[in-house]
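Peer 1:
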Amino acid sequence: MPFLYFSFHVDTMLLGIPAQAVIELTHSPEVSRVPGAPDHVRGLINLRGKLAIAVDLRRRMGLVSTGSELEQHICIFLEADDQLIGLLVDGVNEIFSLDGNDFVPSPIDLGSQNRTLVTGAYRLPNGLLHILNTAHILNIEAEKP
Numbered sequence: 007m008p009f010l011y012f013s014f015h016v017d018t019m020l021l022g023i024p025a026q027a028v029i030e031l032t033h034s035p036e037v038s039r040v041p042g043a044p045d046h047v048r049g050l051i052n053l054r055g056k057l058a059i060a061v062d063l064r065r066r067m068g069l070v071s072t073g074s075e076l077e078q079h080i081c082i083f084l085e086a087d088d089q090l091i092g093l094l095v096d097g098v099n100e101i102f103s104l105d106g107n108d109f110v111p112s113p114i115d116l117g118s119q120n121r122t123l124v125t126g127a128y129r130l131p132n133g134l135l136h137i138l139n140t141a142h143i144l145n146i147e148a149e150k151p
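What the sequence shown shows, in our numbering, is residues 7 to 151, in sequence order.
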């Protein structure tokens, strides 16, 4: 049975999450900053009366910020770890239908920060689709060296 993955990119990395996890997409949402929040938590987003935690996936992955952060981000809303999360990503791609036999788990020697974020990858004709571990998006302990 094939698995459906919603794909998006952060920098040059193609990432995917289970398509059924996606609640909604929006462009450049209004984010209310939260003092003292971790660097990758940009603040809160009001999604029709529910508060979503805005996570800058670029920062969460330890990548350099683009400078025009919120103006050009796409926000993917999903529920993970009993929290409504708004993932701020660079762009969205397509939905892939993939066979589980093509999945390759992450190697153990990946950097600790990204190892908890990515469970593995699917081989595609033009590269890899890295599967995001949505349960670890807010895992602040994973950032510590």
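Just so you know, even glycine gets a beta-carbon here, dropped at the ideal spot from N, CA and C.
For a cutoff of 8 Å on Cβ pairs, would you count Ser112 as touching chain C?
Peer 2: The structure shown contains no chain C; it holds only a single protein chain.
Peer 1: Give the range of the beta strand (DSSP E) segment to which His64 is assigned.
Peer 2: Correcting the residue identity first, residue 64 is Arg in this sequence and not His. That residue, Arg64, is in no beta strand (DSSP E); its alpha helix (DSSP H) goes 63 to 66.
Peer 1: With DSSP run on the structure shown, which of helix, strand or coil describes Gly49?
Peer 2: strand
Peer 1: In or out: Ser103 buried (at least 16 other Cβ within 10 Å) or exposed?
Peer 2: In the assembly as shown, Ser103 is an exposed residue. Its beta-carbon has fewer than 16 other beta-carbons within 10 Å.
Peer 1: Which residue's Cα is closest to the Cα of His79: Pro131, Asp88, Arg65, Ala86?
Peer 2: Arg65
Peer 1: In the DSSP assignment, what residue or residues form a beta bridge with Ala58?
Peer 2: Looking at the DSSP output, Ala58 shares a beta bridge with Ile51.
Peer 1: Please classify Thr125: does DSSP put it in a helix, a strand, or coil?
Peer 2: strand
Peer 1: Taking the CB atoms as reference points, tell me whether Val70 and Phe14 lie closer together than 8 Å.
Peer 2: no
Peer 1: Buried or exposed: which applies to Leu20, given that a residue is buried once 16 or more other Cβ atoms fall within 10 Å of its Cβ?
Peer 2: Around the beta-carbon of Leu20, 16 or more other beta-carbon atoms lie within 10 Å, marking it buried.
Peer 1: Along the beta strand (DSSP E) that carries Met19, what are the first and last residues, could you check?
Peer 2: 19 to 24
Peer 1: When you compare each of Asp62, Glu85, Thr140 to Asp17 by their alpha carbons, which one comes out closest?
Peer 2: Asp62
Peer 1: Tell me the DSSP bridge mates of Ile29?
Peer 2: For Ile29, which the question treats as bridged, DSSP gives no partner whatsoever.
Peer 1: Quick check: the segment 28 to 36 against the segment 46 to 61, are there 3 or more CB pairs under 8 Å?
Peer 2: yes
Peer 1: I'd like the list of long-range same chain contacts for Glu85, defined as Cβ closer than 8 Å, with 5 residues on each side in sequence excluded.
Peer 2: If the five residues before and after Glu85 are omitted, its C-beta is found closer than 8 Å to the C-beta atoms of Ala27, Ile29, Ile91, all from its own chain and listed in chain order.
Peer 1: Would you identify the three-state DSSP class for His2, choosing helix, strand or coil?
Peer 2: The first residue shown for the chain is 7 and the last is 151, placing residue 2 beyond what the model contains.
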